[in-house]
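Below is one structure, written out as structure tokens; the observations come after it.
Chains as they are written, first to last, in this note's numbering: chain E, 1 to 339; chain G, 1 to 339.
What follows is the structure in structure tokens.
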């Protein structure tokens with residue numbers, strides 16, 4: 001079984017996206033948001049079958065851990081109520097995808113974060129998604145300002161309420177920013193990478209997992225700059241009098257395989273223990289084109305993993321076992337189905 | 001001949017650093033800065049011989065392109081005048097190092113940047129350093145706010161005055177931020193990497209080199225996250241309707257070898273053309289310890305380059321020819337000495 005840990009609903013039905021525009025416009029003009037539109041099952045089925053499900057099948061994977069479009073989370077837009085309504089709408093849509101395609105998708109939620117608002121206020125939506133809709137994890141945005149980074153690092157105690165609830169619910173978080181509204185940072189070319197690198201270094205500087213030994217984070221996009229600079233991070237841990245990275249972080253931090261060329265994937269697997277790598281493609285996401293050098297999609301990361309000299313047991317680990325270990329609710333769901 | 005393109009005077013004499021503290025304290029209390037202290041040649045010689053020069057010799061390199069300590073540039077501290085006095089003091093000290101050790105060091109300046117102040121105001125100091133002290137390049141800070149990123153991207157026309165003068169003087173810039181005053185970003189573990197990645201992506205999004213075909217940038221720390229994610233950047237160029245990276249950027253953008261483990265260096269050389277790689281170690285810089293896995297200094301990047309299967313001609317290119325091509329004033333200086 002091949003599980004892709006990183007997929008976003010980037011092809012959501014048009015009425016959903018139009019409603020978001022209307023919601024923001026209403027907020028900006030001080031009016032109440034319009035009612036959320038009716039979206040038929042057929043509309044959802046069409047957007048999924050033509051896109052993510054088609055590619056999942058073409059590429060030979062079985063299931064995607066599926067969450068709302070990351071660039072559209074936009075916690076910085078509007079206010080807390082705007083973020084909450086939007087998050088509920090996005091998560092509900094993921095819930096419907098999962099209900100329609102339970103064999104191919106399982107849900108991860110976005111949180112109704114809002115700059116300056118306590119993360120406590122996101123717990124209710126997390127619980128709703130996990131306990132009522134069977135979601136198995138969450139996307140945690142380390143910078144809800146959209147590129148201004150005026151909040152506190154992930155190791156700050158202000159984040160602890162969500163970590164406490166994550167541990168109780170036994171759900172991991174993918175650390176994932178949304179679109180950048182800072183002109184310095186292209187969203188998928190700079191902001192995403194920077195957030196990944198930044199999150200890892202925050203965790204390295206702190207001792208968060210001493211307080212939460214069961215907490216688990218997936219740092220996407222192959223860990224940003226981290227594996228390429230693994231020597232730097234090992235050296236910084238040493239300079240900062242931290243334990244070696246293996247002890248300090250790597251029981252709790254995992255990287256996906258969203259690295260869009262063979263040499264990058266090679267390095268990831270050479271440097272990072274197999275236990276810490278989860279197959280992911282970010283499909284359909286940041287880079288949707290075909291690589292003229294290979295004739296394949298840039299984000300068809302399965303080809304790169306398949307090209308590695310892994311034993312069948314190692315392949316299973318990266319494609320399935322690690323995801324089931326990091327997302328125990330996914331494992332329980334699959335086990336209950338005899339998978 | 002082996003030229004290290006990336007060294008900072010991180011061991012400057014104590015009176016220099018104490019003066020900086022006094023300068024900032026005076027500014028904060030609204031008083032005039034004290035006079036800059038007398039620093040003897042012997043004091044400078046001691047700090048260099050015991051540190052950078054010792055390591056240069058031990059590691060078998062010949063010359064370092066030497067600039068003021070990056071983390072101490074701090075353009076965000078004080079105001080424009082504070083930045084200007086400090087930059088002059090730092091650059092003068094580099095000038096003295098170069099005068100004392102002309103065979104081993106050649107100068108690169110910091111600029112008296114200040115948040116919100118036109119880059120035009122930095123041109124005079126650049127000219128002073130290049131034309132009066134024989135410096136061969138500059139460090140250009142893409143975020144003089146120290147981690148708040150409220151300025152304009154490097155492709156913005158507000159930067160053009162410095163580019164015009166760089167082209168006239170035929171000097172390249174290393175893109176290098178200073179210390180972070182944003183708690184989210186550890187300086188050497190996140191902010192430096194992020195700035196490198198960000199700068200590359202800004203250049204990818206823009207068309208700066210259409211306006212300045214002769215402009216040259218060194219992106220340090222092995223290019224941040226870029227080589228590891230080379231497929232992503234090739235794909236983003238395609239999505240943004242830009243020419244292939246080789247045409248779009250790689251006549252003008254160069255990476256150093258400040259990547260502190262063998263596998264990272266392997267990837268850099270596998271992915272990036274040899275013409276675009278300059279040997280550098282950032283010595284003595286971000287990571288000063290010894291890697292327990294190898295028994296060697298993390299930042300002894302020459303060992304990693306030496307371990308590559310390069311022909312003698314290729315080694316010369318990375319160790320010397322590329323630096324002489326990118327820094328023509330270095331080449332002229334060496335040629336004048338028969339080197």
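Don't be surprised by glycine CBs; every beta carbon is placed ideally from N, CA and C. The model shown is predicted, which means the values in this text are computed figures rather than measured ones.
What residues from the segment 160 to 185 of chain E come within 9 Å of chain G, judged by C-beta to C-beta, listed N to C? 182, 183, 184 and 185
- Query: Which value, in whole angstroms, describes the spacing of the CA atoms of residue 48 of chain E and residue 24 of chain E?
  - Reply: 26 Å
Figure out for me which residue from G:236, G:286 and G:228 has the closest Cα to the Cα of residue 255 of chain G.
G:228
| task | Could you tell me if residue 219 of chain E is buried or exposed, where buried requires 16 or more neighbouring beta carbons within 10 angstroms of its beta carbon? | result | buried
**Prompt:** Which partner residues of residue 4 of chain G appear in the DSSP bridge assignment?
**Reply:** G:64
* Asked: Just reading off the alpha helix (DSSP H) that residue 90 of chain G is part of, what are its end residues?
  -> 80 to 100
inquiry  = Less than 9 Å between CB atoms is the rule here; does residue 344 of chain G satisfy it with respect to chain E?
reply    = The shown model of chain G, from 1 to 339, leaves out residue 344 of chain G, and the question about it has no answer.
**Prompt:** With respect to the alpha helix (DSSP H) encompassing residue 305 of chain E, which residues constitute its N-terminal and C-terminal limits?
**Reply:** 301 to 306
* Asked: Any beta-carbon of chain E closer than 9 Å to the one on residue 33 of chain G?
  -> no
Neighbour flag for residue 292 of chain G against chain C, beta carbons, 9 Å:
Going by chain labels, chain C is absent from the structure shown, which instead holds the protein chains E and G.
Worksheet item: Roughly how many angstroms lie between the CA atoms of residue 64 of chain G and residue 55 of chain E, to the nearest whole one?
Response: 51 Å
Using a Cβ cut-off of 8 Å, which residues of the segment 126 to 137 of chain G contact any Cβ in chain E, in chain order? none
Quick one: what's got a C-beta closer than 6 Å to residue 323 of chain E's C-beta in the same chain, skipping five residues either side?
3, 5 and 278
Would you call the CB atoms of residue 133 of chain G and residue 77 of chain G closer than 9 Å? no
Expressed to the nearest angstrom, what Euclidean distance is found between the alpha-carbon atoms of residue 298 of chain G and residue 290 of chain G?
-> 6 Å
* Please list the partners that residue 201 of chain G has in chain E, where partner means a Cβ-to-Cβ separation under 7 Å. => 186, 189 and 190
**OP:** Please go through the same chain and pick out, in chain order, the residues whose beta-carbon is closer than 7 Å to the beta-carbon of residue 305 of chain E, but skip the five residues on each side of it.
**Re:** 257, 265, 279 and 318
| field | Unbroken alpha helix (DSSP H) run spanning residue 123 of chain E, endpoints | value | 123 to 127
Query raised in the report: residue 204 of chain E versus chain G: which residues are under 7 Å apart at the beta carbon?
Result: 189
Requested in this report: Using a threshold of 9 Å, state whether the C-beta atoms of residue 209 of chain G and residue 251 of chain G are closer than that.
Outcome: yes
> In three-state DSSP terms, what is residue 137 of chain E?
Replying inline: strand
**Asked** Are there 16 or more other CB atoms within 10 angstroms of the CB of residue 57 of chain G, so buried, or fewer, so exposed?
**Response** exposed
_Coil, strand or helix - residue 12 of chain G by DSSP_ = coil
(Q) Tell me which residue opens and which closes the alpha helix (DSSP H) that residue 209 of chain E is part of. (A) 208 to 211
query: Is there at least one Cβ from chain G nearer than 9 Å to residue 298 of chain E's Cβ?
result: yes
message = Going by C-alpha to C-alpha distance, which of G:146, G:116, G:111 and G:140 sits closest to residue 129 of chain G?
response = G:111
Discussion item. For residue 337 of chain G, count the other beta carbons within 10 Å of its own beta carbon; 16 or more makes it buried, fewer makes it exposed. Which is it?
Written reply: exposed
Report the rounded CA-to-CA distance for residue 201 of chain G versus residue 40 of chain G, giving the unit in angstroms.
44 Å
Residue 190 of chain E to residue 198 of chain G, Cα distance in whole Å? 5 Å
Q) If you compare alpha carbons, which of G:177, G:173 and G:161 is closest to residue 211 of chain G? A) G:161
C-beta contact flag for residue 283 of chain E and residue 270 of chain E at 9 Å
no
message = Determine whether the beta carbon atoms of residue 125 of chain E and residue 87 of chain E lie at a separation below 9 Å.
response = yes
**Prompt:** Can the beta-carbon of residue 139 of chain E be found less than 9 Å from the beta-carbon of residue 109 of chain E?
**Reply:** yes
(message) So if DSSP puts residue 44 of chain E in a beta bridge, which residue, or which two residues, is it bridged to?
(response) Bridge partners of residue 44 of chain E: none, in fact.
Keeping to the same chain, check which residues put their C-beta closer than 7 Å to that of residue 296 of chain G; ignore five residues upstream and five downstream. 290 and 303
- Just how far apart, CA to CA, sit residue 75 of chain G and residue 148 of chain G? 12 Å
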